[in-house]
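Have a look at the structure below, then the notes.
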Amino acid sequence: MRYQFDFRAPLAYWPDFLAGAATTLGLSLAATVFGFLLGVFCALARTGRTAWLRRGCAVYVESIRNTPLLVQIFIVYFGLASVGIKLDAFAAATAALVINVGAYTSEIVRAGIESIPESQLEAADCLGLSRRQVLMHVVLPPAIERVYPALTSQYVLLMLASSITSQISAEELTAVANRIQSDTFRSVETYLIVAAAYLVLSLVMRSLFWCAGYVAFPRRRRLGTPI
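In our numbering, the protein residues as written are 44 to 270.
Put into structure tokens, the structure is as follows:
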């Protein structure tokens, strides 16, 4: 048998594809922003002096990094509902993605923090800077600059992994594709369109991160270091 490709039927649903892509971007943006903040907090806690906070963040990071994202999504969506905390699919998907990417961000940022030379911290102490000033002006900016390429790759992977949230009926791109292929019976064409859409979204996100890095890290720009 020779398969005859026909993209007309799935392409007729282009408004649904656009809506799904917008939801995917919304999930990714929210998870990126809040996951970054959570990751930085945990990275600072794990390199800090408070023992109970350091241990608590270590347990969180290792628990998340060693369990599947799908299981985490089910725990947030179905587990919380069983104890009376009901979240809609979008909120549950966002929360699960934030929790997941926060753990990976923590390890990436912690590696950046630990790469700061001890002499740089000693110089900051000699200048009489407070711990907060040292973190905000001496530690975090160069640490994040060093690991920025790894962070951007992690957040692009997060956007691709958001397709798993279709399992709890979050109306993102993959969930929309599942519905369209069941209506049109054109599975191959539908998922080829979705694959192309994810490729475009990945390129768009990488371009946005490159622009953000170009603005945020002028030293890299002057040195010609890849962002």
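Ideal Cβ placement from N, Cα and C applies to all residues, glycine included.
Other residues of its chain near residue i: CB distance less than 6 Å, five sequence neighbours each side excluded
{"i": "phenylalanine 252", "result": "Thr195"}
{"i": "alanine 55", "result": "none"}
{"i": "glutamine 224", "result": "Ser230, Thr233"}
Option nearest residue i by Cα separation, candidates the options
{"i": "alanine 146", "options": "Ala132, Leu87, Pro185", "result": "Leu87"}
{"i": "valine 243", "options": "Phe48, Tyr56, Leu61", "result": "Leu61"}
{"i": "leucine 112", "options": "Cys100, Ala139, Arg175", "result": "Ala139"}
{"i": "alanine 154", "options": "Thr227, Arg189, Phe260, Ala218", "result": "Arg189"}
{"i": "threonine 148", "options": "Leu201, Ala64, Ser205, Tyr257", "result": "Leu201"}
{"i": "serine 205", "options": "Ile116, Gln163, Tyr46, Phe84", "result": "Ile116"}
{"i": "glycine 256", "options": "Tyr191, Ala166, Ile107", "result": "Tyr191"}
{"i": "leucine 246", "options": "Phe228, Leu203, Gly171, Asp226", "result": "Leu203"}
Opening and closing residue of the alpha helix (DSSP H) in which residue i lies
{"i": "leucine 164", "result": "161-169"}
{"i": "serine 158", "result": "Taken as a continuous stretch (DSSP letters only), serine 158 belongs to no alpha helix (DSSP H), as it is neither H nor E."}
{"i": "glutamine 18", "result": "Absent from the model: residue 18. The displayed extent of the chain is 44 to 270, so no value can be given."}
{"i": "serine 173", "result": "Neither: serine 173 is in no alpha helix (DSSP H) and is coded neither H nor E."}
{"i": "isoleucine 116", "result": "112-117"}
Contact set for residue i: own chain, Cβ-Cβ below 7 Å, skip 5 residues either direction
{"i": "isoleucine 156", "result": "Ala86, Thr90, Val182, Ala186"}
{"i": "alanine 167", "result": "Val177, Val181"}
Chain-order list of residues whose beta-carbon lies under 8 Å from that of residue i (same chain, five-residue window excluded)
{"i": "isoleucine 236", "result": "Phe50, Pro53, Leu54, Phe60, Ala220"}
{"i": "valine 141", "result": "Ala73, Ala74, Phe77, Gly78, Leu81"}
{"i": "arginine 249", "result": "Thr195, Val199"}
Integer Cβ distance of residue i from residue j, believed to fall under 8 Å
{"i": "isoleucine 211", "j": "alanine 124", "result": "The Cβ separation is near 10 Å, so there is no contact."}
Exercise for the section: Decide yes or no for the touch test of the region 206-220 against the region 61-71: beta carbon pairs closer than 8 Å, at least 3 of them. Expected result: Segment contact: the region 206-220 against the region 61-71, three or more CB-CB distances shorter than 8 Å; contact assigned.
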